[in-house]
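Novice: In my numbering, the protein residues as written are 1 to 704. Every residue, glycine too, gets a C-beta built ideally from N, C-alpha and C.
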């Protein structure tokens with residue numbers, strides 16, 4: 001047989017042997033939500049009993065070892081838990097001094113004297129030690145170097161260094177910037193120090209009666225800790241990245257993205273969401289109290305500037321009152337300054353293919369893949385308002401936009417009107433986006449418990465405050481994403497749909513499930529149609545849930561002409577070519593080679609976004625594996641007795657038409673890792689992976 005695209009030799013297996021004899025008709029299988037794969041492709045499911053026993057014994061032995069260690073080394077364990085912040089900081093600095101972390105300036109130029117910090121540099125300057133431990137270069141070409149003379153910003157650290165012209169990542173030319181919406185360093189410092197002004201947002205909040213005692217829940221922040229963070233990040237090596245390797249500008253910043261912070265629901269989310277609202281403002285200094293701040297009242301967040309000491313003296317209450325009254329009075333008394341809903345910039349979503357904001361997997365490289373396959377509208381991953389207002393680089397990385405995303409929005413999530421409104425003003429000032437989406441449907445416990453996401457469905461007055469305040473602050477369209485309701489069987493969005501349009505939203509996306517359902521059962525499209533028919537003409541309604549083929553798309557559009565469009569979420573994760581199928585109105589029986597080419601495009605985009613150094617390669621691998629944990633659910637069209645495949649069908653164990661297709665159908669994490677090694681080389685020693693959404697990997701939780 002012919003060799004597969006991955007270079008694998010097909011196995012000599014007889015499709016009539018070692019296969020499960022079908023015991024049910026396709027109709028019976030569909031009734032059980034099992035994909036009706038043709039009998040000649042079925043195979044026995046892999047044995048899991050022995051692996052479970054092995055895993056159980058391994059865990060048991062491990063627990064015994066741990067208990068012994070705790071009993072014999074109690075003192076050392078306690079001491080480890082009580083490490084001070086200074087000790088942890090010292091350990092991080094020592095890690096940066098290791099041979100793995102070469103000085104960025106040295107990596108770019110290859111000259112030890114090129115670093116302006118010399119011996120005070122926080123990174124390693126031992127070039128020979130770095131070369132000795134650096135893994136071998138990967139096959140292929142550097143994603144940053146092409147025939148036009150562009151350069152690689154990672155220089156010697158690049159895993160494709162052998163393809164650099166002249167072996168120099170700096171003198172090959174200027175790097176072309178294809179990503180925008182990076183966080184300005186000066187703005188980040190103002191956010192760290194809590195000195196950012198939100199005059200427009202505050203004036204709107206005041207006009208709506210949403211400011212004052214008891215109107216917002218504000219928690220204090222340790223100012224000394226904030227100063228420490230600022231001081232730590234002002235030194236060398238943090239111009240593009242913070243201590244966690246999370247940057248705020250260019251491809252280097254995205255390359256240093258902290259995976260745990262980007263993936264909602266990770267281990268660090270307790271720290272991310274502890275303060276759901278913007279921290280309390282720092283006390284004014286004597287100079288500021290005297291009125292020497294020098295801001296202009298222009299409705300934007302403006303850095304404070306030092307001016308001469310001969311300015312007129314005013315108390316702090318007088319200053320704040322004067323500033324807010326100037327804006328509030330102009331907004332309240334001059335009707336011509338009020339923004340009428342019909343004057344807002346609008347986006348026509350009708351008939352457009354909308355890729356949903358997808359946590360973890362819906363990153364910028366994935367959106368680039370979907371754009372190439374036909375998506376019209378893209379939206380960034382959900383970002384928490386509090387983290388954005390605190391200047392967290394990892395959260396701001398979620399707002400990045402590629403030049404190919406011609407119609408792009410960002411999605412934010414918050415619990416209180418003041419937090420969300422200030423975030424909207426900040427995004428409007430610092431980012432280039434076409435619309436801002438507010439998530440009021442996220443079902444994740446850690447979000448809901450903070451009063452955000454689908455928790456807002458139980459608080460219509462707070463929904464009203466958030467939508468009115470945000471739509472009155474910026475000219476960009478404000479859209480809302482909701483679920484049918486909080487509890488199953490108690491849908492309530494139909495009673496709010498008219499009000500949502502009156503409050504100022506330009507569009508609303510309705511996921512046809514309640515918060516209690518999460519992602520179980522089928523989406524209730526009849527209820528979505530009901531809401532779309534009730535909505536006013538000024539409010540566009542989009543449906544979301546279980547769209548997995550052009551047939552689904554056509555049915556929803558024909559069943560309810562009032563529906564503007566459909567948002568595609570998990571269907572795009574499993575088969576991103578769904579956009580091509582909808583536009584070309586066909587079932588694409590895509591081959592394993594074509595699917596591999598899509599993965600190659602993703603890897604190249606990932607290396608451009610997260611970096612071509614070792615850390616960037618492994619970050620790309622991590623998100624590739626997360627995506628592969630979804631793509632394994634796809635069953636090729638040519639293997640099905642009934643088409644199209646439905647999203648709720650569970651694929652049985654089956655043979656593909658070649659070895660690569662069989663490998664791609666595996667639900668084993670070890671096979672996903674094997675696919676990643678075809679594209680990104682061997683995994684590091686002691687590498688482990690477990691998908692965030694806990695899909696069924698039948699070998700040992702990680703790789704086997």
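1) Is the Cβ-Cβ distance between residue 458 and residue 692 less than 7 Å?
2) With distances taken between CB atoms, is the gap from residue 581 to residue 532 smaller than 7 Å?
3) Taking 8 Å as the cut-off, does the region 604 to 621 touch the region 505 to 515 (at least 3 CB pairs, one atom from each stretch)?
4) By DSSP's criteria, residue 355 is part of a beta bridge. Which residues make up the other side?
5) Just the Cα atoms here: how many angstroms apart are residue 507 and residue 478?
6) Do the CB positions of residue 409 and residue 379 come within less than 7 Å of each other?
7) Rounded to whole angstroms, what's the CA-CA distance from residue 151 to residue 105? Just pull it up for me.
8) Please classify residue 773: is it buried, with 16 or more other beta-carbons within 10 angstroms of its beta-carbon, or exposed?
9) Skipping 5 residues on each side, what residues in its chain have a beta carbon closer than 8 Å to that of residue 542?
10) Using only alpha-carbon positions, find the residue among 556, 426, 680, 671 that is nearest to residue 603.
11) Can you tell which of 436, 451, 437 has its C-alpha closest to the C-alpha of residue 443?
12) Could you name each continuous alpha helix (DSSP H) segment of 4 residues or more that falls completely within the region 86 to 113, going from the start of the chain to the end?
13) So, using beta-carbon positions, are residue 648 and residue 33 closer together than 7 Å?
14) With distances taken between CB atoms, is the gap from residue 538 to residue 504 smaller than 7 Å?
15) Pull the bridge partners of residue 582 from the DSSP assignment, please.
16) Is it the case that the Cβ atoms of residue 625 and residue 672 are separated by a distance below 7 Å?
17) Which residues in the same chain have their Cβ closer than 6 Å to the Cβ of residue 447, if we skip the five residues on either side of it in sequence?
18) Alpha helix (DSSP H) containing residue 448: first to last residue?
19) What are the partner residues of residue 37, as DSSP defines its beta bridges?
20) Measuring straight from C-alpha to C-alpha, what distance separates residue 184 and residue 396?
21) Based on DSSP bridge pairs, tell me the residues matched to residue 413.
22) Kindly indicate which three-state DSSP category residue 531 falls into: helix, strand or coil?
23) Residue 621 and residue 676 - do their beta-carbons sit closer together than 7 Å?
24) For residue 101, which residues from the same chain have a beta carbon less than 6 Å from its beta carbon, with the 5 sequence-adjacent residues on both sides left out?
25) Which whole-angstrom value is the C-beta distance of residue 155 and residue 206, which I expect to be below 8 Å?
26) Tell me, please, which residues DSSP counts as bridged to residue 180.
27) With distance defined between alpha-carbon atoms, name the residue in 476, 574, 28, 188 nearest to residue 635.
28) To the nearest angstrom, report how far apart residue 641 and residue 346 are at their CA atoms.
29) Return the Cβ separation of residue 633 and residue 651 in integer angstroms, given the expectation that the two are a contact with Cβ distance under 8 Å.
30) Who are the Cβ neighbours of residue 373 in its own chain at under 7 Å, not counting the five residues just before and after it?
31) With residue 479 as the anchor, note down where its beta strand (DSSP E) starts and where it stops.
32) Mind checking who residue 196 pairs with in its DSSP beta bridge?
33) Report yes if the C-beta distance between residue 639 and residue 37 is below 7 Å; otherwise report no.
34) Helix or strand or just coil, what does DSSP make of residue 28?
35) DSSP puts residue 433 in a beta bridge; with which residues?
36) Whose CA, out of 389, 584, 526, lies closest to the CA of residue 560?
Specialist: Per the coordinate set shown:
1) Counted from its first residue, the chain shown places residue 458 at position 458. Counted from its first residue, the chain shown places residue 692 at position 692. Not closer than 7 Å, so no.
2) What you label residue 581 is simply residue 581 of the chain shown in a count that begins at 1. What you label residue 532 is simply residue 532 of the chain shown in a count that begins at 1. No, Cβ-Cβ distance for residue 581 and residue 532 is not below 7 Å.
3) No: fewer than three Cβ pairs fall under 8 Å.
4) Start at 1 with the first residue of the chain shown, and residue 355 comes out as number 355. Beta-bridge partners assigned by DSSP to residue 355: 568.
5) What you label residue 507 is simply residue 507 of the chain shown in a count that begins at 1. What you label residue 478 is simply residue 478 of the chain shown in a count that begins at 1. So the alpha carbons of these two residues sit roughly 7 Å apart.
6) Position 409 of the chain shown, counting from 1, holds the residue named residue 409. Position 379 of the chain shown, counting from 1, holds the residue named residue 379. With contacts defined as CB atoms closer than 7 Å, residue 409 and residue 379 qualify as a contacting pair.
7) Residue 151 sits at position 151 when you count from the first residue of the chain shown. Residue 105 sits at position 105 when you count from the first residue of the chain shown. The alpha-carbon atoms of residue 151 and residue 105 are separated by roughly 14 Å.
8) The first residue shown for the chain is 1 and the last is 704, placing residue 773 beyond what the model contains.
9) Translated into positions along the chain shown, residue 542 becomes position 542. Within the same chain, and ignoring the five residues on either side of residue 542 in sequence, the residues whose Cβ sits closer than 8 Å to its Cβ are 349, 354, 507, 508, 509, 510, 563, 564, 565, 566, 567.
10) Indexing the chain shown from 1 puts residue 603 at position 603. Nearest C-alpha to residue 603: 680.
11) By one-based count along the chain shown, residue 443 stands at place 443. The shortest C-alpha separation from residue 443 is found at 451.
12) Taking only runs of at least 4 residues, the alpha helix (DSSP H) segments lying wholly in the region 86 to 113 are 104 to 109.
13) In the chain shown, residue 648 corresponds to position 648, counting from 1. In the chain shown, residue 33 corresponds to position 33, counting from 1. Yes, they are a contact pair.
14) Walking along the chain shown from the start, residue 538 turns up at place 538. Walking along the chain shown from the start, residue 504 turns up at place 504. Not closer than 7 Å, so no.
15) Numbered from its first residue, the chain shown carries residue 582 at position 582. The partner list for residue 582 (beta bridge, DSSP) is empty, contrary to what the question assumes.
16) Walking along the chain shown from the start, residue 625 turns up at place 625. Walking along the chain shown from the start, residue 672 turns up at place 672. For residue 625 and residue 672, yes; Cβs fall inside 7 Å.
17) Against the chain shown, residue 447 aligns to sequence position 447. These residues qualify, in order along the chain: 453.
18) Taking the first residue of the chain shown as position 1, residue 448 is located at position 448. Counting along the chain, the alpha helix (DSSP H) containing residue 448 begins and ends at 445 to 448.
19) Translated into positions along the chain shown, residue 37 becomes position 37. The partner list for residue 37 (beta bridge, DSSP) reads 640.
20) The count along the chain shown starts at 1 and reaches residue 184 at position 184. The count along the chain shown starts at 1 and reaches residue 396 at position 396. So the two alpha carbons sit approximately 10 Å from each other.
21) Locating residue 413 in the chain shown gives position 413, where the first residue counts as 1. DSSP output for residue 413 lists 384 as bridge partner(s).
22) If you number the chain shown from 1, residue 531 lands on position 531. Annotated three-state conformation of residue 531 is helix, per DSSP.
23) Counting from one through the chain shown, the residue named residue 676 turns up at place 676. Counting from one through the chain shown, the residue named residue 621 turns up at place 621. Contact: yes.
24) Your numbering for residue 101 matches position 101 in the chain shown. Closer than 6 Å at the Cβ level, and outside the excluded window around residue 101, lie 123, 124.
25) As a position in the chain shown, residue 155 is number 155, starting the count at 1. As a position in the chain shown, residue 206 is number 206, starting the count at 1. Taking C-beta atoms under 8 Å as the contact rule, residue 155 and residue 206 fail to qualify, at a distance of about 52 Å.
26) Here residue 180 corresponds to residue number 180 of the chain shown, with the count starting at 1. In the DSSP secondary-structure assignment, residue 180 is bridged to 401.
27) Position 635 of the chain shown, counted from the start, is the residue given in the question as residue 635. Residue 574 is the option with its Cα nearest to residue 635.
28) One-based indexing of the chain shown puts residue 641 at position 641. One-based indexing of the chain shown puts residue 346 at position 346. If you draw a straight line from the Cα of residue 641 to the Cα of residue 346, it is about 44 Å long.
29) In the chain shown, counting from the first residue as 1, residue 633 sits at position 633. In the chain shown, counting from the first residue as 1, residue 651 sits at position 651. Contact between residue 633 and residue 651 holds, since their C-beta atoms are separated by about 6 Å, short of 8 Å.
30) Within the chain shown, numbered from 1, the residue matching residue 373 stands at position 373. Counting only Cβ-Cβ distances below 7 Å, and skipping sequence neighbours, we find 576, 577, 579, 580.
31) Locating residue 479 in the chain shown gives position 479, counting from the first residue. In the DSSP annotation of this structure, the continuous segment of the beta strand (DSSP E) that includes residue 479 starts and ends at 478 to 483.
32) Locating residue 196 in the chain shown gives position 196, where the first residue counts as 1. BP columns for residue 196 are empty, so no partner.
33) As a position in the chain shown, residue 639 is number 639, starting the count at 1. As a position in the chain shown, residue 37 is number 37, starting the count at 1. Yes. Within cutoff.
34) Residue mapping note: residue 28 aligns to position 28 of the chain shown, counting from 1. Reduced to three states, the DSSP call for residue 28 is helix.
35) If you number the chain shown from 1, residue 433 lands on position 433. DSSP, once it has assigned bridges, lists no residue as partnering residue 433.
36) The residue you call residue 560 lines up with position 560 of the chain shown. When 389, 584, 526 are compared, the shortest CA-CA separation from residue 560 is found for 526.
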